[in-house]
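Note sheet for the following structure.
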Amino acid sequence: MDSLSFIFGNSIPHNVVINGNGQVIYTSPGHNLNAIINAIEEGLSSIIPDTDGDEILDDLDNCVDIYNPGQSDFDADNIGDDCDLCDNLNVFTNANIYGEVYEQNNYDINIFDVLTLLDIIENNDINSCGYEIGDITGDGEVNIFDAISIIQMIIS
Ligand SMILES: [Ca+2]
Ligand SMILES: [Ca+2]
Ligand SMILES: [Ca+2]
Ligand SMILES: [Ca+2]
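Throughout the sequence shown, residue numbering follows my numbering, covering 32 to 187 in sequence.
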């Protein structure tokens, strides 16, 4: 008995291929080299990267580029605290475009919110927290009608 047959005993060799995410994608007794190679190639192509090495794969990681294994996200907008510049729970909520908050998280919707939104529209400032909540009318676009909508809120 040579060393290899000693390891396998008398059973038929059994091949298993797992992909990069640890899932078994191929299992079969005996040797079918082509099938095994195909399975290995499929496994390699399905690997979802973990860019920042926090063991949360990129498709689930709420901060893809930042090491944040805890994944904390207190305002629950699926952007992790470590990469979320906009507090959408206490500050940037409803039409509070200007982001002004006073006394125990109270805020006013006022002319500053209108002016800030007009500024955002004029500069197409899509990265600002105000833009994120700027679609007041809910039509999928941030434009002058949203500013008008805030004015109406202030007046009424
Ligand atoms: Ca990650
Ligand atoms: Ca991360
Ligand atoms: Ca968040
Ligand atoms: Ca947020």
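For glycine and all other residues, C-beta sits at the position ideal for the given N, C-alpha and C.
Quantities reported herein were computed from a predicted structural model and do not represent experimental measurements.
Going by beta carbon distance, what residues of the same chain come within less than 6 Å of residue i, once the five residues before and after it are set aside?
{"i": "residue 164", "result": "123"}
{"i": "residue 32", "result": "Because the pLDDT of residue 32 is 43, which lies under 50, any placement of that residue in the model is unreliable, and the number read from its coordinates should be weighed accordingly. Excluding residues within five positions, none has a Cβ falling inside 6 Å."}
{"i": "residue 168", "result": "176, 177, 180"}
Compute the minimum distance between the beta carbon of residue i and the heavy atoms of ligand 1, and state whether it is under 7 Å.
{"i": "residue 79", "result": "no"}
{"i": "residue 87", "result": "yes"}
{"i": "residue 82", "result": "yes"}
Below 8 Å CB to CB, which residues in the same chain sit around residue i once its five sequence neighbours on both sides are set aside?
{"i": "residue 159", "result": "151"}
{"i": "residue 89", "result": "79, 80, 81, 82, 95"}
{"i": "residue 116", "result": "160"}
{"i": "residue 132", "result": "121, 122, 138"}
Going by the CB atoms, is the gap between residue j and residue i shorter than 8 Å?
{"i": "residue 51", "j": "residue 78", "result": "yes"}
{"i": "residue 142", "j": "residue 185", "result": "yes"}
{"i": "residue 69", "j": "residue 59", "result": "no"}
{"i": "residue 140", "j": "residue 110", "result": "no"}
Quick one, which of the options has its alpha-carbon nearest residue i's?
{"i": "residue 175", "options": "148, 58, 141", "result": "148"}
{"i": "residue 87", "options": "115, 100, 76", "result": "100"}
{"i": "residue 129", "options": "118, 146, 115", "result": "146"}
{"i": "residue 114", "options": "92, 132, 131, 55", "result": "92"}
{"i": "residue 96", "options": "107, 103, 84", "result": "84"}
{"i": "residue 126", "options": "179, 74, 63, 45", "result": "179"}
{"i": "residue 155", "options": "168, 139, 172", "result": "172"}
Closer than 7 Å: is that where the CB of residue i sits relative to any heavy atom of ligand 3?
{"i": "residue 111", "result": "yes"}
At a cut-off of 7 Å, would you count residue i as near ligand 4, judging by its Cβ distance to the nearest heavy atom?
{"i": "residue 170", "result": "no"}
{"i": "residue 188", "result": "Here the chain has residues from 32 to 187 only, and residue 188 is not among them."}
Identify, in the order they occur along the chain, each residue of the same chain with its Cβ nearer than 7 Å to the Cβ of residue i, setting aside the five sequence neighbours on each side.
{"i": "residue 105", "result": "112, 120"}
{"i": "residue 74", "result": "48, 49, 50, 51, 56"}
{"i": "residue 162", "result": "151, 156, 173"}
{"i": "residue 118", "result": "106"}
{"i": "residue 103", "result": "111, 112"}
Is it the case that the CB of residue i approaches a heavy atom of ligand 2 more closely than 7 Å?
{"i": "residue 55", "result": "no"}
{"i": "residue 92", "result": "yes"}
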